[in-house]
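Here's the structure, in structure tokens; my notes come after.
Shown next, in the form of structure tokens:
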């Protein structure tokens, strides 16, 4: 199928859902050659991916991953990366606040690709054990409402395409498939993207993949998070419909900062930033960025009636010590199991 798909794409023709899924199955089964995979990914990128092509590719990737078995409604908060901002780990820090608010989070992530510190890197620096068998991660999720799913331990079939992606060195469909391929099958999601043009299409993809409450966000300063330094474009998903709007730091009572104020560093440096935020010692833009992202997620999960209420709730969860307690609990349990 991959040969036929390359021919279609070279003519700028879209693939059907079934065709795109069949190609992904070939790639994930190790049946495609390196040259075929490189040609396919390049041709698809040059043509531009359709909603069906992205959805089918994500479905194929999900079908080949190791699943986290559970019976909970769980949330994913993640950015695609590739924004070049080198910000601190906003999503990972936000997840600790969200969990403190009673929302189960299955955080799916990897080591850094385009930044200095990925989710796996900062959690490891914080003392969380990241290489845990799926059944143990499910146990942790059930006990404390949070777990970390180290991508390379769940998406084993990615070994076939990983060297191709690295050698190509260009953005491909895989840049957006990771956040759509949570092994826990998260049915709530806050996803940040690196390009304005992806916001509405990826909201539609998320709906097709079974997300019933979610948001796709793009900081207009090119941040793949809800931004403290610019307006943020939002496409919200709620039970089969979606709507687009903008949010700004000012509507939450915050003063807009510069993008540099959100900068991170090494995993060790980012771990210190995360600890300062959840411990309540960091009071500036970094804390506020976390409160906005966590607040939006608390709203998505139905814990707050509005995003504004969610942001206030996030502030209280930090100030009360609940977020810090959740981090301590996560570190302890991950190392005991």
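In this note's numbering, the protein residues as written are 347 to 683. All C-beta atoms, glycine included, are put in the ideal place defined by N, C-alpha and C.
To the nearest angstrom, report how far apart residue i and residue j are at their CA atoms.
i           : j           : result
residue 515 : residue 380 : 14 Å
residue 665 : residue 424 : 24 Å
residue 667 : residue 443 : 10 Å
residue 517 : residue 489 : 38 Å
residue 445 : residue 367 : 34 Å
residue 448 : residue 354 : 48 Å
residue 651 : residue 638 : 14 Å
residue 460 : residue 433 : Unreliable positioning characterises residue 460 in this predicted model, as indicated by a pLDDT of 48, which lies under 50. The coordinate reading is nonetheless provided below. Straight-line Cα distance between these residues: approximately 11 Å.
residue 596 : residue 574 : 9 Å
residue 317 : residue 602 : What the structure shows of the chain is the stretch from 347 to 683, and residue 317 is not part of that stretch, so it cannot be assessed.
residue 635 : residue 591 : 18 Å
residue 617 : residue 351 : 44 Å
residue 467 : residue 613 : 6 Å
residue 657 : residue 649 : 11 Å
residue 441 : residue 532 : 14 Å
residue 372 : residue 401 : 16 Å
residue 587 : residue 450 : 23 Å
residue 475 : residue 464 : 15 Å
residue 600 : residue 571 : 16 Å
residue 504 : residue 411 : 9 Å
residue 606 : residue 386 : 37 Å
residue 662 : residue 655 : 11 Å
residue 395 : residue 584 : 24 Å
residue 420 : residue 481 : 16 Å
residue 506 : residue 479 : 22 Å
residue 547 : residue 563 : 12 Å
residue 361 : residue 391 : 13 Å
residue 452 : residue 499 : 14 Å
residue 611 : residue 435 : 9 Å
Could you please give the first and the last residue of the uninterrupted alpha helix (DSSP H) stretch that includes residue i?
i           : result
residue 455 : First-last for residue 455: 451-455, but that is the beta strand (DSSP E), not the alpha helix (DSSP H).
residue 633 : 631-646
residue 389 : 380-393
residue 467 : 465-472
residue 355 : 348-356
residue 371 : 363-374
residue 521 : 520-523
residue 653 : 653-665
residue 649 : Note, residue 649: premise wrong, no alpha helix (DSSP H); not H, not E.
residue 568 : Residue 568 -> no alpha helix (DSSP H), and no H or E assigned at all.
residue 574 : It is not in any alpha helix (DSSP H) - residue 574 carries neither H nor E in the DSSP assignment.
residue 547 : 545-554
Note the first and the last residue of the continuous beta strand (DSSP E) segment covering residue i.
i           : result
residue 626 : Note, residue 626: premise wrong, no beta strand (DSSP E); not H, not E.
residue 589 : 587-593
residue 579 : 578-584
residue 411 : From DSSP, residue 411 is part of no beta strand (DSSP E); its letter is neither H nor E.
residue 535 : 534-538
residue 564 : 559-565
Thinking residue i and residue j are a contact (beta carbons under 8 Å), I'd like their distance in whole angstroms, please.
i           : j           : result
residue 347 : residue 359 : The pair is not a contact, with the Cβ atoms about 14 Å apart (cut-off 8 Å).
residue 539 : residue 561 : Contact doesn't hold; Cβ gap of about 11 Å is too wide.
residue 477 : residue 620 : About 20 Å; that fails the 8 Å criterion.
residue 660 : residue 644 : 6 Å
residue 510 : residue 374 : About 13 Å separates the two Cβ atoms, so there is no contact after all.
residue 497 : residue 455 : 6 Å
residue 495 : residue 403 : Not quite, the Cβ-Cβ distance comes to about 19 Å (not below 8 Å), so this is no contact.
residue 687 : residue 559 : The chain is shown from 347 up to 683; residue 687 falls before or after that span and cannot be answered.
Around the Cβ of residue i, are there at least 16 other Cβ atoms within 10 angstroms (buried) or fewer (exposed)?
i           : result
residue 398 : buried
residue 483 : buried
residue 625 : exposed
residue 427 : buried
residue 627 : exposed
residue 521 : buried
residue 681 : exposed
residue 508 : exposed
residue 356 : exposed
residue 377 : exposed
residue 641 : buried
residue 543 : exposed
residue 604 : exposed
residue 676 : buried
Contained beta strand (DSSP E) runs [length at least 3] in the stretch 418-446, N- to C-terminal order: Counting only runs of 3 or more, we get 421-425.
Length at least 3, wholly inside the stretch 480-512: the beta strand (DSSP E) runs in chain order: 492-496
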